[in-house]
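*Asks:* Input: one structure, supplied below.
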Amino acid sequence: MKILILRISIFMILLSGSAIADESINCRGKIIDRGMTMEEVREHCGKPDYSSVDDQAVHQGNKIRGTTPVTTWHYKQPGGMLIAVLVFDVDKLQSIKLVDKYEEEF
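Going by the numbering used here, the first residue of the sequence shown is number 19, and it counts up by one from there.
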């Protein structure tokens, strides 16, 4: 009984945050991690379920020197409860975040 309570407690702690930072995800048996290109990710994960592109300011000191495109791709994960949010700076994968589908709006 104590082990069951411990397992439930750990599970609840893991679920308590709306987003889980992650270093990698698995797409069709291939590990997807930071540093990969958009082409590599699309090759293994297919077309994203949702995507957006925003311009982000590039700073040098306290001055804005221009902008860089930041692309965000969303992939529904197996089981249907999580969405992988992949953020690319220009063409390189910078971050992967797993988000509860009920807290993420497209």
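Glycine is no exception: its CB is placed at the ideal position from the N, C-alpha and C atoms.
Fair warning: this is a prediction, and the values are worked out from it, not measured in the lab.
1. Output yes or no for whether 7 Å exceeds the beta carbon distance between Val88 and Gln78.
2. Exposed or buried, which one is Ile23 when buried takes at least 16 other CB atoms within 10 Å?
3. Closest to Asp109 by C-alpha separation, out of Arg60, Gly84, Ile101 and Leu116, would be which residue?
4. Could you tell me whether the Cβ atoms of Trp91 and Leu104 are closer together than 7 Å?
5. Comparing C-alpha positions only, which one of Cys45, Asn44, Pro96 and Asp51 sits nearest to Phe106?
6. With Val71 as the anchor, note down where its beta strand (DSSP E) starts and where it stops.
7. Report all residues from its chain with a CB closer than 6 Å to the CB of Gly98; omit the five preceding and five following residues, and keep chain order.
8. Is the Cβ of Pro66 closer than 7 Å to any Cβ of chain C?
9. Taking the alpha-carbon positions, what's the Glu41 to Lys81 distance?
10. Can you tell me whether Ile49 is buried or exposed? The criterion is at least 16 other CB atoms within 10 Å of its CB, across all chains shown.
11. My assumption, with CB atoms under 8 Å, is that Asp67 sits in contact with Lys94. Please give the rounded CB distance.
*Replies:* Once the coordinates are examined:
1. Using a Cβ distance threshold of 7 Å, Val88 and Gln78 do not count as a contacting pair.
2. Bear in mind that a pLDDT of 42 at Ile23, under 50, signals an unreliable position, so the number given afterwards is only what the model happens to contain. Around the C-beta of Ile23, fewer than 16 other C-beta atoms lie within 10 Å, and the residue is accordingly described as exposed.
3. Answer by Cα proximity: Arg60.
4. Pairing Trp91 with Leu104 gives a Cβ-Cβ distance under 7 Å.
5. Out of Cys45, Asn44, Pro96 and Asp51, Asp51 has the C-alpha closest to the C-alpha of Phe106.
6. Here the beta strand (DSSP E) through Val71 covers Tyr68 to Gln78.
7. Closer than 6 Å at the Cβ level, and outside the excluded window around Gly98, lies no residue.
8. In summary, chain C is missing from the structure at hand, where a single protein chain is found.
9. Glu41 and Lys81 have their C-alpha atoms roughly 31 Å apart.
10. Per the 10 Å Cβ criterion, exposed.
11. The Cβ separation is near 5 Å, so the contact holds.
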